[in-house]
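Worksheet for the structure shown next.
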Amino acid sequence: MSDTAAGLRRHLSRTLTATELLTSHLADVHQSYLDNFDPISVLFFAIGAYAAFRTARKAA
2 MSDTAAGLRR HLSRTLTATE LLTSHLADVH QSYLDNFDPI SVLFFAIGAY AAFRTARKAA
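Mapping to the numbering used here: the sequence shown position 48 is 49, numbers consecutive.
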């Protein structure tokens, strides 16, 4: 586990609101996301984007 993920986990050991997490700790969240990003994530994001596009197209 990287230092940033450990720092984020330490911050999350107490109760944080979503607003506080996304404003005060955004750098930690972003770094943790980058540390855990792998090729399978790209695949899942691509599948999600395709499904969202198809759904929006059918709804229009």
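Heads up, the beta-carbon is just placed ideally off N, CA and C, and yes, glycines get one too.
Separation of residue j from residue i, as counted between CA atoms
{"i": "I41", "j": "A47", "result": "10 Å"}
{"i": "T56", "j": "Q32", "result": "31 Å"}
{"i": "D29", "j": "L22", "result": "9 Å"}
{"i": "F45", "j": "T20", "result": "26 Å"}
{"i": "Y51", "j": "A7", "result": "33 Å"}
{"i": "G49", "j": "T24", "result": "26 Å"}
{"i": "G34", "j": "F54", "result": "In the sequence under discussion, the amino acid at residue 34 is Tyr, which differs from the Gly named in the question. Cα to Cα, Y34 sits roughly 24 Å from F54."}
Within the stretch 10 to 41, ranges of the alpha helix (DSSP H) (whole runs, at least 4 residues) | 19 to 25, 27 to 36
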